[in-house]
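Undergrad: Pasting a structure here, questions to come.
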Amino acid sequence: MRVVSYVYAFDDNNALRVRFELERGRVLSFVVQLECYFVDHGWLPVVRYDTAHGFAHRDTIHPRREAEKKAMPVGSYEEGLSFSENDLKSNWREYRRRYEEWLEK
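So the sequence shown is numbered by this note's numbering: it starts at -10 and just counts up by one.
Here it is in structure tokens:
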């Protein structure tokens, strides 16, 4: 089994953390997480896609309540990994903005 792990920085305060396990070219598990730095709070996870609990899902993380878990409509973990990276790379600004609003409430 091979583990691939890297961080993709959007800028100094926003990054994508990616980790996945491969065996014979197949994805066995993955975590793709948007992490944002907030002056009063430090680095926080904002949105996470992963395969914990045995299925591919998205955790929308809220600062004051339990994360909202939603199953991903994908046929394979390979699809899930690709979808996750693309979604967070395309929408990270919106996810950060929403989380900032939640922090202010």
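All C-beta atoms in this analysis are idealised placements derived from N, C-alpha and C, irrespective of residue type, glycine included.
Computed from a predicted structure; not experimentally measured.
State buried or exposed for F44, treating a residue as buried only when at least 16 other CB atoms are found within 10 Å of its CB.
TA: Flag for F44 reads exposed.
Undergrad: S65 by DSSP, collapsed to three states: which one?
TA: Coil, per DSSP.
Undergrad: Where L23 and Y84 are concerned, what is the direct C-alpha to C-alpha distance, given to the nearest angstrom?
TA: The straight-line gap from Cα to Cα measures roughly 9 Å.
Undergrad: By a C-beta neighbour count over all protein chains shown, 10 Å radius and 16 as the cutoff for buried, is R47 buried or exposed?
TA: It is buried - the Cβ of R47 has at least 16 other Cβ atoms within 10 Å.
Undergrad: Out of V28, V21, V20, F9, which has the shortest C-alpha to C-alpha gap to D1?
TA: Closest by alpha carbon: V28.
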